[in-house]
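>
Protein chains in written order, with the working numbering: chain A, 209 to 318; chain B, 9 to 123.
(1) Give me the Cα-Cα distance between residue 102/B and residue 80/B, rounded to the nearest whole angstrom.
(2) Just list the residues that DSSP pairs residue 18/B with in beta bridges.
(3) What is the residue span of the beta strand (DSSP E) that residue 240/A lies within?
(4) Check whether the stretch 278-296 of chain A and the stretch 214-231 of chain A touch, using three or more Cβ-Cβ pairs below 8 angstroms as the test.
(5) Use the C-beta contact count for residue 252/A: other C-beta atoms within 10 angstroms, 16 or more gives buried, fewer gives exposed.
(6) Using a Cβ-Cβ distance cut-off of 8 angstroms, determine whether residue 97/B contacts chain A.
(7) Note down the Cα distance separating residue 289/A from residue 298/A, rounded to an integer number of angstroms.
(8) Below 8 angstroms CB to CB, which residues in the same chain sit around residue 307/A once its five sequence neighbours on both sides are set aside?
(9) Ignore the nearest five residues each way along the sequence and tell me which others in residue 67/B's own chain have a CB closer than 8 angstroms to its CB.
(10) Taking DSSP as the reference, what is the three-state secondary structure of residue 290/A?
(11) In three-state terms, what does DSSP make of residue 227/A?
(12) Using a Cβ-Cβ cut-off of 7 angstroms (strictly less than) and excluding sequence neighbours within five positions of residue 13/B, which residues of its own chain qualify?
(13) Return the CA-CA distance between residue 295/A and residue 121/B, expressed in angstroms with no decimal places.
(14) Please name the residues in the stretch 248-261 of chain A whose beta-carbon is closer than 8 angstroms to at least one beta-carbon of chain B, in chain order.
(15) Beta carbon of residue 82/B, beta carbon of residue 57/B: below 8 angstroms?
(16) Around the C-beta of residue 310/A, are 16 or more other C-beta atoms found within 10 angstroms, so that it is buried, or is it exposed?
(17) Taking the straight line between their C-alpha atoms, what separation do you get for residue 37/B and residue 23/B?
(18) Can you tell me where the beta strand (DSSP E) holding residue 81/B begins and where it ends?
(19) If you draw a straight line from the alpha carbon of residue 247/A to that of residue 318/A, how long is it in whole angstroms?
(20) Taking just the CA atoms, how far does residue 85/B sit from residue 74/B?
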């Protein structure tokens with residue numbers, strides 16, 4: 209059973225059409241949940257870290273939220289340059305190992 | 009700062025050959041790690057290090073060796089390459105030795121093909 213599940217696998221939006229990406233996790237004693245952005249042919253780029261349920265963080269058109277079982281990455285009025293694969297990762301209690309989900313590939317059409 | 013650098017960018021090996029993927033960072037980060045990324049599998053942790061002289065296994069360590077003799081460098085060795093090791097390999101580092109509380113910086117990746 210996957211510890212981190214991201215949905216949908218792929219999402220196509222029109223420019224300006226807001227939506228959300230989901231990351232659900234089953235690890236116990238969450239130490240941290242991370243969001244990364246990955247462009248084709250490049251390494252992941254850090255976006256956010258969330259530590260406790262109810263926490264929210266924002267960066268430009270992106271807003272990440274966390275509950276006890278899942279995290280959402282909300283994208284408001286996306287632009288074509290937001291097209292990328294968004295990765296979610298968690299660290300569980302007693303570990304320093306990141307466990308990644310398989311990612312959501314976002315395409316924003318002009 | 010160059011950040012996290014990886015060499016080579018591309019490599020083709022024959023089954024049974026050995027090679028070392030190089031990773032270096034100039035940010036004085038204590039924590040370094042290696043991941044592989046395969047289609048449909050996401051990023052999977054191979055090995056990690058919390059400081060010079062200290063390494064530990066990740067999720068998929070078989071077939072790979074690591075050592076950490078300096079803070080800056082964290083090479084990944086393939087002793088006898090197999091087609092199943094065809095993948096894109098990423099090195100990452102974070103400050104403070106604890107990725108829970110510190111941003112991880114990823115390198116640009118090495119694309120390895122084993123024939």
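Each residue gets a CB set at the ideal place from its N, CA and C atoms; glycine is no exception.
On the basis of the coordinates in this document:
(1) 12 angstroms
(2) 119/B
(3) 238-246
(4) yes
(5) buried
(6) no
(7) 26 angstroms
(8) 211, 212, 235, 297, 298, 299 and 300
(9) 52, 53 and 54
(10) helix
(11) strand
(12) 32 and 115
(13) 24 angstroms
(14) 249, 250, 251, 252, 253, 254 and 257
(15) yes
(16) buried
(17) 34 angstroms
(18) Segment: none, residue 81/B is in no beta strand (DSSP E) and carries neither H nor E.
(19) 18 angstroms
(20) 6 angstroms
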